[in-house]
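Here's the structure we're looking at; comments come further down.
Chains as they are written, first to last, in the working numbering: chain A, 4 to 415; chain B, 52 to 454.
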């Protein structure tokens, strides 16, 4: 099925990409801004997260309350995801409200007040978000894993840290906004039912005057190394998280790498789920996922188990990771492919998930992939491709983070 | 959209909402059983049994079942609540028949002893996992406090002790009391062929034996109670308030949901402005939870431990003054509610779960348009009348604080 992709540029160079979905009753809209935790000054980590919150607290002469009411009058959801390298501001609305919501977002993103009197409450909230993570071991372990695995600033948490949040002032926030929240490399994404020409005109008048340019920070080459990090905490379960190198979306082996992860953890039939949970009952949760961002990628593995079963759980996991290339069967490959393809197509039903997929493609690849292209690439992967990929990217240079009241031996 | 319904001679209800533009097919079994249908000796058996449905049948071993689901890319899962157990799959339409075959087969589990023993360990891990979630621990304790001895407050997971003690025979006996076809609904949504659904349902389910099932529907007496739980090294404190609310068959539940949204939605609500916008609380919400002949309004907040008294006071005050809203507040909440319904309906699976669970409570179909109409027609007076019967005044309070 041919997909109806749209693409254009505003006069200031902002890219507009969209997919027309004739059967949708909603439309999803997102603005991708290449600013994230990596843009935070070292002494003010968490500032981009605060900025995302502050946009709604007064803009274009309107109070926080007025802005909120304007969004809610049209039933528009408001999503903001201040990430590591990019921040995404998004909304899903009934089709007829799309022109209105993109105008509202232009006001909050391009004319925010960033008022000193609103900053304290935003900081209080951010400090509590940090504490929330402290109370949630499974989230905390994955945040720590990224920190241990990637070189700074790419391993940062978007939430920042306590000292960083406390150091932010109204002036530093405004300076950060002016320096980093610039038009270069911004993309505006649409998915759903809309009149593209009409929306484009609207976008030109609302976003066409956005200026400024900045450089993109690139991770460059880095070498992962064997590393163990333990957080001692009294909890019912021991959290185990591993990361090791893989290839990104732009890499020729990408689909082989994705499917290799699928063999480990695609749905309930993956090897990790079967060996660790189904056969041995060691865990409730165990998973491996392929995490790919621009220029960097890793296999992330997670399990949570009671401390006395921690070592056995880890040992079984490592055995499965090491033996992955052995005895891959045609049936198994078919299952891993079926799972990835079904997810891909079923998620495409939803306009907001469709918009996220377009954002990821645009940011990681600089182009949009048709579902058929992705399907064809998945179908083309042979057992030998996976074997070749795993020979080149075996389980090595593993970073392990554990959280709980027991330390484990990692023998790869 | 087109709706179909049928009932087999053994009492199995079959419903389908066809959507000609859907990319996927969703199918599920909705069973009118959950932790409130358990006795204390078998606390947790409903949820444990839900897991066992994936562990093999007379026709398929656990591994065969898992692999077969995998081979069609079925996005399968299940959940257990206090009163419903739901098994579901989303698949691409070309795999619909195979998915039906698997799902119907699953619902007559082998309950193999070895699989039972292994899965019990998984459940014990799940219990340990939830023990590390302070919000969950408080919520479960809160339900118990609010419902008291009433079984609607029974724990879904059970305890390490209760689950450890459950035998295969007890589970089988529970299955034989609760999984009568007359106590179940087979639902499909999205892309499917109705005659095919009926033919397959007949083939796979018509021989299932019907027997009597009943649920204790004694009304509950909301319990005036105040409890404080504590946990080591907790960084944030939590509080919840329970107040009586309309049941799942009470037409006023829509008013309760919209009023909860005005008072306690995650954005733009009274609580948002009183607590989140001011940075006093990390999270705050009010929700209306409707059950079988029971229901409650739940107010919740989390914040720094030293702020808990102040935050609790504000949360309570907002609930006590639930009538403090105007026409514009109502319109905004209705718009948000409507948008969320439309977005939810874009997914065949989410639509199935909504229609299927509703059917368990009341065999009456409401299309998306019907539901949007009900919401659109809600008037200020409907919300005020609701408050005459359900005041939102907290009865039960539970706190979770650092030890």
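Every residue, glycine too, gets a C-beta built ideally from N, C-alpha and C.
The structure presented is a predicted model; accordingly, all values stated were derived computationally and were not measured.
With respect to the 8 Å criterion, residue 265 of chain A and residue 339 of chain A are classified as neighbours on the basis of their beta carbons. In this chain, residue 306 of chain A is not harboured by any alpha helix (DSSP H); it is covered by the beta strand (DSSP E) spanning 299 to 308. Uninterrupted alpha helix (DSSP H) stretches at least 4 residues long and entirely within the region 120 to 200 of chain A occur at 140 to 152, 165 to 170, 173 to 183, given in chain order.
The beta carbon of residue 347 of chain B lies closer than 7 Å to those of 197, 293, 294, 295, 296, 340 in the same chain, with the five residues before and after it left out. Residue 343 of chain B counts as buried, since at least 16 other C-beta atoms from the protein chains shown sit within 10 angstroms of its C-beta.
Shown here, residue 55 of chain A sits in a helix according to DSSP, grouped into three states. Excluding five sequence positions before and after residue 185 of chain A, the CB atoms of its chain that fall closer than 6 Å to its own CB belong to 215, 216, 217, given in chain order. Of the other Cβ atoms in all chains shown, 16 or more fall within 10 Å of the Cβ of residue 441 of chain B; this residue is therefore buried.
Under the 8 Å criterion on CB atoms, residue 271 of chain A is classed as interfacial with respect to chain B.
Straight-line measurement puts the Cα of residue 316 of chain B at about 45 Å from the Cα of residue 256 of chain A.
Annotated as distal: residue 130 of chain A and residue 50 of chain A, with beta-carbon spacing of 8 Å or more. A straight line joining the alpha-carbon of residue 407 of chain B with that of residue 236 of chain B spans about 7 Å.
The C-beta distance from residue 365 of chain A to residue 170 of chain A rounds to 33 Å, too long to fall under 8 Å, and the pair is not in contact.
Counting only Cβ-Cβ distances below 9 Å, residue 250 of chain A has no contacts in chain B at all, with the closest Cβ about 24 Å away. Among the CB atoms of chain B, one or more fall inside 8 Å of the CB of residue 238 of chain A. For residue 288 of chain A, the secondary structure class from DSSP, reduced to helix, strand or coil, is strand. Residue 71 of chain B sits in coil when the DSSP states are folded into three classes, being neither helix nor strand. Within the DSSP secondary-structure output, residue 7 of chain A pairs in a beta bridge with A:23. Proximity of residue 287 of chain A to chain B, defined by a Cβ-Cβ separation below 8 Å, is satisfied. Within 8 Å of the CB of residue 386 of chain B, the CB atoms of chain A belong to 75, 76, 77, 78, in sequence order along the chain. Nearest in C-alpha terms to residue 99 of chain B, of all of B:144, B:130, B:126, is B:130.
Residue 277 of chain B and residue 327 of chain B have their C-alpha atoms some 25 Å from each other. Not one beta carbon of chain B lies nearer than 8 Å to the beta carbon of residue 413 of chain A. Here residue 212 of chain A is exposed: its Cβ has fewer than 16 other Cβ atoms, across all protein chains shown, within 10 Å. Per DSSP, the unbroken alpha helix (DSSP H) holding residue 361 of chain B starts and ends at 359 to 371. Cβ-Cβ distances below 6 Å link residue 125 of chain B to 140, 142, 150 in the same chain, with the five nearest sequence neighbours on each side left out; the list follows chain order. Residue state for residue 139 of chain B is assigned as strand, using DSSP reduced to three classes. Annotation: Cβ neighbours of residue 123 of chain B in chain A (cutoff 7 Å, chain order): 341. The beta carbon of residue 141 of chain B sits closer than 8 Å to some beta carbon of chain A. Looking at the DSSP output, residue 280 of chain B sits in a beta bridge with B:451. The beta carbon of residue 135 of chain A falls within 8 Å of a beta carbon belonging to chain B, placing the residue at that interface. With its beta carbon at least 8 Å from every one in chain A, residue 136 of chain B lies outside the interface. In the structure shown, residue 288 of chain B adopts extended strand secondary structure according to DSSP, grouped into three states.
Of the candidates B:383, B:388, B:268, B:163, B:383 places its Cα closest to the Cα of residue 74 of chain A.
Scanning chain A for C-beta atoms nearer than 8 Å to the C-beta of residue 118 of chain B yields 272, 334, 338, reported in chain order.
Within 8 Å of the CB of residue 354 of chain B, the CB atoms of chain A belong to 131, in sequence order along the chain.
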